[in-house]
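Residue numbering for the sequence shown follows the numbering used here, beginning at 6 and increasing consecutively.
Notes to accompany the following structure.
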Amino acid sequence: MEINLSVQRVALANAAGLYTQAVETAVRAGVSRVIESSFMDLHDDPVYLAPLPEDVLPPLSGSLPAARAKALNVRTTRMLKIAGLALATLVGDLRLATPPPLLLAAPRDPRLPRDLLGLLAVQSGVELDWSRSRLEPGGRATALTLLQLADALISQGRAQAVIVGGVDSGIDLKTLAERSLAHRLHTLEHSDGYSSGEGAGFLLVSRGRLAEVERGCGARISRLGLGLEPGTRESEAPYLGEGLAEAMGQVSEGLGERVSTVFTSFNGEHYWTREFGVAILRNRHALTEDVRFMHPAMSYGDLGAAAGISALGLAIEGLRRRRFAGPLVVYASSDDGVRAVVVAGKE
6 MEINLSVQRV
16 ALANAAGLYT
26 QAVETAVRAG
36 VSRVIESSFM
46 DLHDDPVYLA
56 PLPEDVLPPL
66 SGSLPAARAK
76 ALNVRTTRML
86 KIAGLALATL
96 VGDLRLATPP
106 PLLLAAPRDP
116 RLPRDLLGLL
126 AVQSGVELDW
136 SRSRLEPGGR
146 ATALTLLQLA
156 DALISQGRAQ
166 AVIVGGVDSG
176 IDLKTLAERS
186 LAHRLHTLEH
196 SDGYSSGEGA
206 GFLLVSRGRL
216 AEVERGCGAR
226 ISRLGLGLEP
236 GTRESEAPYL
246 GEGLAEAMGQ
256 VSEGLGERVS
266 TVFTSFNGEH
276 YWTREFGVAI
286 LRNRHALTED
296 VRFMHPAMSY
306 GDLGAAAGIS
316 ALGLAIEGLR
326 RRRFAGPLVV
336 YASSDDGVRA
346 VVVAGKE
């Protein structure tokens, strides 16, 4: 489908850096912040993780009630700290005529509080339009799917601008234990796994330039493709890679200019290579001969619900810094089968 979103600002925070430029520089240089951690899997092998150092995370806001803050679990606490930092960086001293709604992707975890958006508003100090904000539990692709809602809110005149984002943290014992039981973590002895990370990514989008923003990113999101893979890890259906191929086909049809760079959510698990191959083969006509594939999780780990939007933020930052000329493709694949593909380019 065609959408029309001008990107005004981007904010990223993860193990590769606390700010967008630092993250983009680290990923472009191939710097990896994945470390051998003290967490051991079921076989007592060290697990590779990409955590944010505790000393760089801000404390919980003093405006949060003490009893409420004390009751938060480790995962929620880390997510609030990381997302609060990134969201405050995104908005800064910007004051829009009307507060923007926040469309936020977060992990599907029953431990997460229902008032996460409210807690995040307090932590970040950012004023939001609560009537149109949404918290969407999901996976790597979820935040990208929310671009459709952002486009609708703006085109219908229900919002001047929208913040679309995602946050996740896989750096807590319960989450790591669950992933270890599923044999999905990367260890010294198990290379067919991923390095769990944590981070947040936010985009401020609008229709055209915002008068309140002195200098935007000079980038536009023009297409969004959505697909569903029936053959997930949890289903009995065969895994054929159809979902990603379908989503990529939606955005590549009639694109005109060929794509020279593709950002992916690939996290190191061999499982994802099949759909990658199917999607690329079926859409080869839309790619240049020397197309480049960017796998940012190799630098900052698997960001879960923040993965897709963070990859898109990297692409936008690359366009802003004139590292790319033509249109870029960003795709993300969630464990539940949801696939999302986005096309972004210069305005």
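Just so it is clear, CB atoms sit at the ideal spot from N, CA and C, and this is done for glycine as well.
Chain C contact for G248 (CB, 9 Å cutoff): Of the protein chains in the structure, only one exists, and it is not chain C.
Give me the residue from G313, R297, A252, G259 with the minimum Cα distance to V283. Looking up residue 283 in the sequence shown gives position 278. Residue nearest to V283 within the set G313, R297, A252, G259 is A252 (criterion: CA-CA distance).
Where are the beta strand (DSSP E) runs, 3 residues long or more, that stay fully inside the region 154-214, in chain order? Under the rule that a run must span 3 or more residues, the beta strand (DSSP E) segments found entirely inside the region 154-214 read 166-174, 201-211.
Going by CA-CA distance only, name the one from Q26, V264, A21, D46 that's closest to V36. Sequence index remark: in the sequence shown, residue 36 carries index 31 (1-based). Relative to V36, the option among Q26, V264, A21, D46 whose CA is nearest is A21.
For A166 and L140, which I take to be in contact (beta-carbon distance under 8 Å), what is that distance rounded to the nearest angstrom? As a working note, residue 166 is residue 161 in the sequence shown. As a working note, residue 140 is residue 135 in the sequence shown. About 19 Å separates the two Cβ atoms, so there is no contact after all.
Residue burial classification, R80 (beta-carbon count within 10 angstroms, cutoff 16): Taking the sequence shown and counting its residues from 1, one reaches residue 80 at position 75. Burial of R80 is indicated by the presence of at least 16 other C-beta atoms within 10 angstroms of its C-beta.
Per the contact definition of three or more C-beta pairs closer than 8 Å, is the region 237-253 in contact with the region 210-222? With the cut-off at 8 Å, the region 210-222 and the region 237-253 do not touch.
Taking all protein chains shown into account, do 16 or more other C-beta atoms lie within 10 angstroms of the C-beta of H191, making it buried, or fewer, making it exposed? On the sequence shown, position 186 is the one that residue 191 refers to. Per the 10 Å Cβ criterion, buried.
Thinking G342 and L233 are a contact (beta carbons under 8 Å), I'd like their distance in whole angstroms, please. Along the sequence shown, one-based indexing puts residue 342 at 337. Along the sequence shown, one-based indexing puts residue 233 at 228. That pair is a contact at about 5 Å.
Does the region 148-163 come into contact with the region 174-194, if we say contact requires no fewer than three beta-carbon pairs (one atom in each stretch) closer than 8 Å? Counting C-beta pairs closer than 8 Å gives fewer than three between the region 148-163 and the region 174-194, which falls short of the contact rule.
For T25, I'd like the list of residues in its chain whose CB is within less than 7 Å of its CB, leaving aside the five on either flank, ordered along the chain. As a first step, residue 25 must be located in the sequence shown, where it is residue number 20. The residues V15, A16, L17, G318, E322, in chain order, have a CB closer than 7 Å to that of T25 in the same chain once the five nearest residues on each side in sequence are set aside.
What does the alpha-carbon distance come out to for the pair A316 and L186? One-based indexing of the sequence shown puts residue 316 at position 311. One-based indexing of the sequence shown puts residue 186 at position 181. In this structure, the CA atom of A316 is about 28 Å from the CA atom of L186.
Whole runs of the alpha helix (DSSP H) within the region 67-111, excluding any shorter than 4 residues: Along the region 67-111, the alpha helix (DSSP H) occurs as fully enclosed runs of 4 or more residues at 71-76, 79-96, listed in sequence order.
Distance check for V256 and S227, CA to CA, integer angstroms please. As a position in the sequence shown, residue 227 is number 222, starting the count at 1. As a position in the sequence shown, residue 256 is number 251, starting the count at 1. C-alpha of S227 to C-alpha of V256: approximately 9 Å in a straight line.
Quick one: what does DSSP say E280 is sitting in, helix, strand or coil? Counted from its first residue, the sequence shown places residue 280 at position 275. Correct three-state label for E280: helix.
By the three-class DSSP mapping on this structure, what secondary structure does V15 have? Within the sequence shown, residue 15 is the residue found at index 10, counting from 1. Of the three classes helix, strand and coil, the one that applies to V15 here is strand, per DSSP.
Return helix, strand or coil for V348, following the three-state DSSP convention. Stepping through the sequence shown from its first residue, residue 348 is reached at position 343. In the three-state scheme derived from DSSP, where H, G and I count as helix and E and B as strand, V348 is classed as strand.
Mind checking whether G206 and A311 have CB atoms under 9 Å apart? Translated into positions along the sequence shown, residue 206 becomes position 201. Translated into positions along the sequence shown, residue 311 becomes position 306. Yes, the pair counts as a contact, with Cβ atoms nearer than the cut-off.
Enumerate in chain order the residues of its own chain whose CB-to-CB distance from M299 is below 6 Å, with the five nearest sequence positions on each side excluded. Within the sequence shown, numbered from 1, the residue matching residue 299 stands at position 294. Correct list, in chain order: F268.
How would you call M6, buried or exposed, if buried means at least 16 neighbouring beta carbons within 10 angstroms? For this step, residue 6 is matched to residue 1 along the sequence shown. Exposed, by the Cβ-count rule.
Report yes or no: do three or more beta-carbon pairs, one from the region 330-342 and one from the region 259-266, lie closer than 8 Å? Enough Cβ pairs lie closer than 8 Å, so yes.
Any idea what DSSP makes of L125, helix, strand or coil? Here residue 125 refers to the residue found at position 120 when the sequence shown is read from its first residue. Taken through DSSP and simplified to helix, strand or coil, L125 comes out as helix.
Round the Cβ separation of A3 and V131 to the nearest angstrom and send it over; I've been treating them as touching at under 8 Å. Given that the chain is displayed from residue 6 to residue 352, the structure contains no residue 3 and the question cannot be resolved.
Cα separation between L47 and L178? As a position in the sequence shown, residue 47 is number 42, starting the count at 1. As a position in the sequence shown, residue 178 is number 173, starting the count at 1. Distance between the alpha carbons of L47 and L178: 13 Å.
Considering only residues of the same chain and omitting the five flanking positions on each side of K86, which have a CB-CB separation below 8 Å? As a working mapping, residue 86 is identified with position 81 in the sequence shown. Apart from the 5 residues on each side of it in sequence, K86 sits with its Cβ closer than 8 Å to the Cβ of L62, P63, P64, L65, Q128 in its chain, given in chain order.
Would I168 and P70 be called neighbours here (beta carbons separated by less than 9 Å)? Residue mapping note: residue 168 aligns to position 163 of the sequence shown, counting from 1. Residue mapping note: residue 70 aligns to position 65 of the sequence shown, counting from 1. At a Cβ-Cβ threshold of 9 Å, I168 and P70 do not count as neighbours.
Alpha helix (DSSP H) runs wholly inside the region 226-257, at least 4 long, in chain order: For the region 226-257, whole alpha helix (DSSP H) runs of length 4 or above, ordered along the chain, are 247-257.
Distance between N288 and P58 (C-alpha atoms, nearest Å): Counting from 1 along the sequence shown, the entry for residue 58 is found at position 53. Counting from 1 along the sequence shown, the entry for residue 288 is found at position 283. Cα-Cα distance, rounded: 40 Å.
Whether A345 touches L149 by CB criterion (9 Å): Start at 1 with the first residue of the sequence shown, and residue 345 comes out as number 340. Start at 1 with the first residue of the sequence shown, and residue 149 comes out as number 144. If you check the CB distance, A345 and L149 come in under 9 Å.
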